[in-house]
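Here the sequence shown is numbered in the UniProt record's numbering, starting from 1 and rising by one per residue.
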Amino acid sequence: MVRSTVTLPLQQGMRASQSHAHSASAPEESGNGSQMEYVERQLVQTAPRWPEGHHSCVALAFDLDGPTGDAMLNGSIWTNPSYFTLGSYGPWRALGRLLDMLNERRVPATFFVPAWVVENWPDQCAAIIAGGHEIAYHGYRHEAFWTLDRDGQREVMERSAEVFAKYLGMQPVGFRTPSGDWGPDTIRVLMEAGVRYSSSMRGDDRPYLLHAEGIAEPMVEIPGRWELDDYASLAYHRNPDFPASLDRIASYDTTLDNWRREFDGSHRDGLCLTTLFHPKVSGKPGRIALLERLIDHMHAQGDVWLATCRDVAQWWLDNNASGHAQEFSA
Ligand SMILES: [Zn+2]
Numbered sequence: 001m002v003r004s005t006v007t008l009p010l011q012q013g014m015r016a017s018q019s020h021a022h023s024a025s026a027p028e029e030s031g032n033g034s035q036m037e038y039v040e041r042q043l044v045q046t047a048p049r050w051p052e053g054h055h056s057c058v059a060l061a062f063d064l065d066g067p068t069g070d071a072m073l074n075g076s077i078w079t080n081p082s083y084f085t086l087g088s089y090g091p092w093r094a095l096g097r098l099l100d101m102l103n104e105r106r107v108p109a110t111f112f113v114p115a116w117v118v119e120n121w122p123d124q125c126a127a128i129i130a131g132g133h134e135i136a137y138h139g140y141r142h143e144a145f146w147t148l149d150r151d152g153q154r155e156v157m158e159r160s161a162e163v164f165a166k167y168l169g170m171q172p173v174g175f176r177t178p179s180g181d182w183g184p185d186t187i188r189v190l191m192e193a194g195v196r197y198s199s200s201m202r203g204d205d206r207p208y209l210l211h212a213e214g215i216a217e218p219m220v221e222i223p224g225r226w227e228l229d230d231y232a233s234l235a236y237h238r239n240p241d242f243p244a245s246l247d248r249i250a251s252y253d254t255t256l257d258n259w260r261r262e263f264d265g266s267h268r269d270g271l272c273l274t275t276l277f278h279p280k281v282s283g284k285p286g287r288i289a290l291l292e293r294l295i296d297h298m299h300a301q302g303d304v305w306l307a308t309c310r311d312v313a314q315w316w317l318d319n320n321a322s323g324h325a326q327e328f329s330a
């Protein structure tokens with residue numbers, strides 16, 4: 001296995017997604033070194049080897065956002081009850097259907113859940129854990145971490161940890177950043193909060209390692225892609241409009257075909273695929289069949305490792321970060 005390591009500078013104030021475009025920049029060009037965080041990526045030229053001889057890996061993941069998000073953060077959701085119910089449909093109704101489908105197929109999944117959703121639908125969230133699935137952090141009310149300073153991010157993580165302990169008696173070890181990006185000090189905030197893996201970035205189709213300056217242990221990143229986000233093809237609502245100025249709900253056949261092709265490519269090359277699905281979007285009566293057919297298609301290959309993000313991260317750490325291996329404790 002050929003392996004090389006590249007250290008990418010992450011300048012203070014520069015977002016991780018932007019820094020990749022400047023991977024050739026020398027660190028000294030990036031300003032005050034003491035203020036920099038570093039992203040270290042393991043560039044493995046051959047496909048990863050997955051457990052028990054599996055050819056590729058799939059970590060099914062769902063964001064159980066409920067009604068949290070921008071409209072809750074700016075308060076407008078409290079005068080828009082229809083929009084509230086569009087979100088609450090996720091934990092209240094779609095989640096049970098989705099759990100039944102996953103449990104029938106014996107497929108584990110990870111649910112990234114804003115803590116506000118746990119507070120308001122604790123029994124539904126407890127059912128996720130009872131079904132053998134994983135729950136992980138996703139903000140308190142789906143805050144955009146890149147808009148918060150370090151103390152603001154710490155406050156969200158501390159409040160979330162209290163909610164998970166109080167209602168579910170557990171502490172997550174995973175995190176997916178709400179709203180698609182984070183700030184230069186987010187990795188440090190997460191590590192200090194006990195987070196050991198993230199599924200927030202877009203920089204690879206295999207897991208890789210992130211480092212916060214001054215912290216010895218790396219954090220595993222399990223990157224996702226918008227192609228595997230059901231919002232991109234199926235989300236649709238009015239007031240606020242989504243998609244803005246674009247009337248469409250994509251053909252279900254086309255959507256399923258797109259997802260299958262993404263899986264086929266990932267499986268062919270022995271990579272790791274995760275999803276950004278939302279129960280309120282694809283856990284509806286007519287759409288759950290898309291997920292069923294996608295999972296059945298994966299199962300039909302016979303040599304796919306379907307695992308929670310937590311198990312994928314632990315395995316990656318054990319096998320790709322010698323000297324850093326440690327057990328995650330929830
Ligand atoms: Zn979300």
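We put the CB at the ideal spot given by N, CA and C, even for glycine.
Note that the structure is predicted; figures quoted are calculated from it, not measured.
Helix, strand or coil, according to DSSP, for residue i in the structure here?
i: residue 254; result: helix
i: residue 58; result: strand
i: residue 211; result: strand
i: residue 76; result: helix
i: residue 64; result: coil
i: residue 167; result: helix
i: residue 274; result: strand
i: residue 130; result: helix
i: residue 247; result: coil
i: residue 219; result: strand
i: residue 99; result: helix
i: residue 136; result: strand
i: residue 266; result: helix
i: residue 407; result: Absent from the model: residue 407. The displayed extent of the chain is 1 to 330, so no value can be given.
i: residue 8; result: Its pLDDT being 40, under 50, residue 8 is placed unreliably in this model, and the coordinates cannot settle the point.
i: residue 200; result: coil
i: residue 230; result: helix
Name the two residues that bound the continuous beta strand (DSSP E) containing residue i.
i: residue 110; result: 110-113
i: residue 147; result: Unbroken run through residue 147: none, as it is neither H nor E.
i: residue 316; result: Element bounds for residue 316: not the beta strand (DSSP E) but the alpha helix (DSSP H), 309-320.
i: residue 52; result: It is not in any beta strand (DSSP E) - residue 52 carries neither H nor E in the DSSP assignment.
On the DSSP letters alone, give me the boundaries of the alpha helix (DSSP H) that residue i sits inside.
i: residue 298; result: 288-301
i: residue 306; result: From DSSP, residue 306 is part of no alpha helix (DSSP H) but of the beta strand (DSSP E) over 304-306.
i: residue 281; result: 279-282
i: residue 89; result: 81-89
i: residue 195; result: Run containing residue 195: none; DSSP gives neither H nor E here.
Assuming the contact rule is C-beta atoms closer than 8 Å, residue i and residue j should be a hit. Round their C-beta distance to whole Å, please.
i: residue 306; j: residue 220; result: Their Cβ separation, rounded to whole angstroms, is 18 Å, which puts residue 306 and residue 220 out of contact at 8 Å.
i: residue 273; j: residue 107; result: Contact doesn't hold; Cβ gap of about 13 Å is too wide.
i: residue 184; j: residue 203; result: At roughly 16 Å, the Cβ-Cβ gap does not stay under 8 Å, so residue 184 and residue 203 are not in contact.
i: residue 255; j: residue 290; result: 6 Å
i: residue 101; j: residue 288; result: 6 Å
i: residue 188; j: residue 212; result: 4 Å
i: residue 271; j: residue 206; result: 6 Å
i: residue 94; j: residue 283; result: 3 Å
i: residue 91; j: residue 64; result: 6 Å
i: residue 68; j: residue 141; result: 5 Å
Legend entry - Stretch-stretch touch, CB-based, cutoff 8 Å, three pairs: the segment 263-279 with the segment 159-171: Counting Cβ pairs under 8 Å, fewer than three are found: no touch.
Inset, instruction - Pull every residue with its beta-carbon under 6 Å away from any heavy atom of ligand 1, and keep them in chain order. - result: Residues flagged by the Cβ proximity filter: 63, 65, 138, 142 and 178.
Inset, instruction - Check whether the segment 138-157 touches the segment 303-313, taking contact to mean three or more Cβ pairs, one atom from each stretch, closer than 8 Å. - result: No, they do not touch.
Inset, instruction - Examine the Cβ distances between the segment 286-303 and the segment 48-67 and report whether three or more of them are shorter than 8 Å. - result: Contact between the segment 286-303 and the segment 48-67 is present: 3 or more CB-CB pairs across the two stretches fall below 8 Å.
Legend entry - At least three beta-carbon pairs within less than 8 Å, the segment 108-116 to the segment 129-141: Taking a cut-off of 8 Å for Cβ pairs, the segment 108-116 and the segment 129-141 touch, as three or more such pairs fall below it.
Inset, instruction - May I ask you to verify whether the segment 255-266 touches the segment 192-200, counting CB pairs closer than 8 Å and requiring at least 3? - result: Because the criterion of three Cβ pairs below 8 Å is not met, the segment 255-266 and the segment 192-200 do not touch.
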